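> Protein sequences, first through last, are from chains A and B.
Last residue of the first sequence? That's 1149 in the working numbering, and every number before it is there in order.
Last residue of the second sequence? That's 205 in the working numbering, and every number before it is there in order.
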Amino acid sequence: DVKVTQSSRYLVKRTGEKVFLECVQDMDHENMFWYRQDPGLGLRLIYFSYDVKMKEKGDIPEGYSVSREKKERFSLILESASTNQTSMYLCASSLHREADTQYFGPGTRLTVL
Amino acid sequence: AQKITQTQPGMFVQEKEAVTLDCTYDTSDPSYGLFWYKQPSSGEMIFLIYQGSYDQQNATEGRYSLNFQKARKSANLVISASQLGDSAMYFCAMREGNTNAGKSTFGDGTTLTVKP
């Protein structure tokens, strides 16, 4: 079974703090994704990566950056957290470029005070 | 225009009955894929079923089937013999084309409640 793990289920940070959300997958997947989920807005893609050190902007990249130094790990970085970044963050991975099914982690509920 | 539309914010169904969750999509790409995911209250998104735009038959996975009507651009999820554990949020998603690294667009979701 594919396993996607995220470093925290719940996180509380203060405005202006730098925040790291970590995601690890154990099935040698090429693609990895970061989404945020907000009520009434569904899932919105922040960034994705299709290879080590490769990244592409999704629909809402502003205020975020990402890092993929190793194939299994994809990090989402909030350089200076703001209250409007309070959300549920979901990481996902898929096998390779042409593959379709994404496997999701359990999510991190981030609150920025 | 929204690419994925789920018009039912919430649905109720009696246990053991069938339920249909609606999804319409908008794309001009002849090659695309349609997915349904389930998100229980625990938060984890679970893949349920996939339909490719060139697939001739409707996809089926156990109690889940996808009613694919290409001309109407709809991809409704049918859950037969509902169970209490089916209570969750359900998302329809679409991947356009063969590129974009499998990038998908998600609908806003439908919350399904199964009544005993």
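For each residue, glycine too, the CB sits at the ideal point set by N, CA and C.
No experiment lies behind these values; they were computed from the predicted model shown.
Anything in the stretch 127–159 of chain B with a Cβ closer than 9 Å to a Cβ of chain A? List those residues in chain order, please.
Answer set for the stretch 127–159 of chain B: 128, 131, 132, 133, 134, 135, 136, 139 and 141.
> Answer yes or no: does any C-beta atom of chain B fall closer than 9 Å to that of residue 1081 of chain A?
Closer than 9 Å: yes.
> Give the single residue among B:183, B:158, B:204 and B:197 whose Cα lies nearest to the Cα of residue 1076 of chain A.
Per the Cα distances, B:197.
> Report yes or no: do the stretch 1041–1050 of chain A and the stretch 1097–1109 of chain A share at least 3 C-beta pairs separated by less than 8 Å?
Contact between the stretch 1041–1050 of chain A and the stretch 1097–1109 of chain A is absent, because fewer than three Cβ pairs lie under 8 Å.
> How about residue 137 of chain B and residue 121 of chain B: are their beta carbons less than 9 Å apart?
Not in contact: residue 137 of chain B and residue 121 of chain B (Cβ atoms no closer than 9 Å).
> Within 10 angstroms of its Cβ, does residue 1068 of chain A collect 16 or more other Cβ (buried), or is it exposed?
Buried.
> Give the straight-line distance between the Cα atoms of residue 1115 of chain A and residue 1049 of chain A, rounded to the nearest whole angstrom.
Those two C-alpha atoms are separated by around 12 Å.
> Helix, strand or coil, according to DSSP, for residue 206 of chain B in the structure here?
There is no way to answer for residue 206 of chain B, as the model of chain B reaches only from 90 to 205.
> Once DSSP output is grouped into helix, strand and coil, what is the label at residue 147 of chain B?
In this structure, residue 147 of chain B counts as coil in the three-state DSSP scheme.
> Counting only the same chain and skipping the five closest in sequence on each side, list residues whose C-beta sits under 7 Å from that of residue 169 of chain B.
107 and 152, listed in sequence order.
> DSSP three-state call for residue 1041 of chain A: helix, strand or coil?
DSSP places residue 1041 of chain A in strand when its eight states are reduced to three.
> For residue 165 of chain B, write down the residues that DSSP places opposite it in a beta bridge.
Looking at the DSSP assignment, residue 165 of chain B forms a beta bridge with B:156.
> For residue 174 of chain B, tell me which candidate among B:156, B:201 and B:112 has the shortest Cα-Cα distance.
Closest by alpha carbon: B:201.
> Can you find a heavy atom of the ligand NAP that lies under 8 Å from the Cβ of residue 146 of chain B?
Annotation note on the ligand NAP: not contained in the displayed structure, which lists no ligands.
> Evaluate the contact criterion for the stretch 1104–1123 of chain A versus the stretch 1048–1066 of chain A: three or more CB pairs, one atom per stretch, below 8 Å.
They touch, by the three-pair rule.
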